[in-house]
Every structure is written in structure tokens, then in C-alpha cells.
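Input: a single structure, listed below in C-alpha cells.
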Amino acid sequence: PYRIAGLTRDASKPEAQDWLQKGVNIQQVNISPEHKAEVIKAFEGADIVFAMTSSFDCHTKTDEIAQGKFMVDAVKLCQVNLFIWSSLESPAKWSKRRLSAVWPFDPKAEITDYLREPGVPFALVQAAGYFNTLWMRADVGLVKQSGGSRTLTLPCPATTATYLVDTPRDYGMYVRAAIENPGMGAGSEVLMGTRISYENQMTQLSQFTGKKHIFGEADRDEWNSVVKRTGIPHAFGDVLFEAF
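According to this note's numbering, the sequence shown is numbered sequentially starting from -15.
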């Protein structure tokens, strides 16, 4: 059994209240160096801490890195038994800067490098692509066409295979694996997701829904048109182009 505490910047939000009703001890904490005392108080006594950062909630890469390193330092100070970190590799690093536009991955990779310094027992959980994001924005993900069919347009071939995860249902199970699997724990790395091509995704969605799902490959100019039409910031359009 677990006693779970959830840390949030705004405990009044419906999502936080929903977890409170499920028995989670919701605590309002701002995870930043400026609020060190309250973060230390929240971490003290914890056996395990799971943490992640959001590139879109932090103002800059520098802010995100500072937030992540601060959590590592806090865990070390509180002598937590296991720190589970939601990590990502840096495409810029392993591609020798060829994929330098995929900047949201870089802060997490730098925080991971900092985490590898002695003194913190840790496990890494690397997320796959979020399958549920295909449904979040009708103008970017699966776009509904006349007749009920849907199209997905991305800057890669239909045969491209990627790892996907049903985030709300599965993410926590991979975190539990890092805690409960006898072969995991400190020093382990959990890679989540199911490998599937986009054409296979469309086939399965067509069979499941009874509606035709079509994948379209976009070249750079076509992708720029998608970015402009949907209002995605141009810089993030570059992130997606290189990521795919």
C-alpha cells in the first residue's frame, strides 16, 4: 500500500480536487528555489519522489533546468530512498546538433546528467509519444472530414514506427514498475510505449471506430502550411518537424 502526496501550485483546480477525493494528500507547493523551505517540508519523510518538469510551464530552458536541479538537491538533502525522474534524451546531443530544434528535450537531458552525480538513488522513466494528443486538438491531430473520416498529417512517411503510450491510463504503471519490479529500483531505466507505425495506427482506428482514418505525409512546405493554419507557434512547428 502507498500513502501518496501530490504537489501542485494550485490545490483549488478541479484536477487537484479530484485526486483529493481519491485519497491523495494534495499539498499546494511551488517547486522553485525561491520556495526552498516549503519544498523541503513537502519532501521530508518521503520514501519515494516522482518528479517531472514542463518545458511549456517554465519561461525558459534555464528556468526548467534550475527547477529540475533544485528538486535533485532537495531529494538529496532529505535523503529520499528513491528519486524517479521523468527523463528524455537530447536529440541535439546524439545527432551532433543536426536535430538542434527539438529543444524541449534538452533541459530534461541536462537535469539527468546532473542527477547522475553521486548521492541520489534514482531511476529514470522515459515517456513515449502521447497517443491521447491525437485527440486533443481537432485542427492538429485527427482532423474530421466530411462523411466522418479523419486525417492525420505529419512530416514523416506512413511507415514510420514510433513508440506511443496511453498517458492517462499507462504512465503511472511504468512508474510503479520502477518501484515494484524486483529488477528495477535505483539504477534502472524504464522505457515505455508500444512500437507501431502510423499506417497501422490508422488501420486499427478505422477498424475500431468504423470510420475511415487516413495518414498524410507532409513535406516541409506542406507542414509549414499546417503550422500556419492551426496557429502553432513557428518555433514549435520546427520542433515537431525535426521530432518526426
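The beta-carbon is built from N, C-alpha and C at its ideal position, and this holds for glycine as well. Just so it is clear, the structure is predicted and the values come from calculations on it, not from any experiment.
Entirely within the region 117 to 189 and at least 4 residues each: give me those alpha helix (DSSP H) ranges in chain order.
Segments of the alpha helix (DSSP H) lying fully in the region 117 to 189: 151 to 164.
Quick one: give me the first and last residue of the beta strand (DSSP E) that Trp87 is part of.
From DSSP, Trp87 is part of no beta strand (DSSP E); its letter is neither H nor E.
Report buried or exposed for Pro75, applying the criterion of at least 16 other Cβ atoms within 10 angstroms of its Cβ.
Pro75 comes out buried.
Taking Asn65 as the reference, give the member of Phe192, Phe54, Phe106 and Ala50 with the closest Cα.
Selected option, being the one with the closest Cα: Phe106.
I'd like the list of long-range same chain contacts for Thr146, defined as Cβ closer than 6 Å, with 5 residues on each side in sequence excluded.
Around Thr146: Gly113.
Where the alpha helix (DSSP H) through Gly194 begins and ends
In the DSSP assignment, Gly194 falls outside any alpha helix (DSSP H) and carries neither an H nor an E.
Determine the direct distance from the alpha carbon of His218 to that of Phe27, and round the result to whole angstroms.
Here the alpha carbons of His218 and Phe27 stand approximately 39 Å from one another.
Three-state secondary structure (DSSP) at Phe220?
Shown here, Phe220 sits in a helix according to DSSP, grouped into three states.
By the 10 Å Cβ neighbour count, where 16 or more other Cβ atoms means buried, how is Ala21 classified, buried or exposed?
So Ala21 counts as exposed.
Between Ile68, Gln129 and Thr135, which has its C-alpha nearest Met157's C-alpha?
Out of Ile68, Gln129 and Thr135, Ile68 has the C-alpha closest to the C-alpha of Met157.
Look up Asn9 in the DSSP assignment and give the residues it is bridged to.
Asn9 pairs with Ala(-11).
Would you mind sorting Ile24 into buried or exposed? The rule is 16 or more other CB atoms within 10 Å of its CB.
Answer is exposed; the Cβ neighbour count stays below 16.
Do Phe225 and the ligand FMN come close, with the Cβ less than 7 Å from some heavy atom?
Ligands in the displayed structure: none, and consequently the ligand FMN is not present.
I need the DSSP call for Gln51, collapsed to helix, strand or coil.
Helix.
Where Met186 and Ser130 are concerned, what is the direct C-alpha to C-alpha distance, given to the nearest angstrom?
Met186 and Ser130: Cα-Cα distance of roughly 17 Å.
Would you be able to state if there are at least three C-beta pairs under 8 Å between the region 155 to 170 and the region 94 to 110?
With a cut-off of 8 Å on Cβ pairs, the region 94 to 110 is in contact with the region 155 to 170, counting three or more such pairs.
Thinking Ser39 and Pro91 are a contact (beta carbons under 8 Å), I'd like their distance in whole angstroms, please.
Separation of the CB atoms of Ser39 and Pro91 is rounded to 6 Å, and the pair is thereby assigned contact status at 8 Å.
Would you report the Cα separation of Asp31 and Ser16, rounded to the nearest angstrom?
Each residue's Cα considered, the two are about 21 Å apart.
Keeping to the same chain, check which residues put their C-beta closer than 7 Å to that of Ile10; ignore five residues upstream and five downstream.
Same-chain partners within the cutoff: Gly(-10), Thr(-8), Ala(-5), Ala0, Trp3 and Leu4.
Look at the Cβ atom of Glu94, then the Cβ atom of Ala142, and state whether they are nearer than 8 Å.
No, the pair does not count as a contact, with Cβ atoms beyond the cut-off.
Leu126 to Thr178, Cα distance in whole Å?
Take the alpha-carbon of Leu126 and the one of Thr178: they are about 20 Å apart.
Is Leu66 helix, strand or coil when you go by DSSP?
Reduced to three states, the DSSP call for Leu66 is strand.
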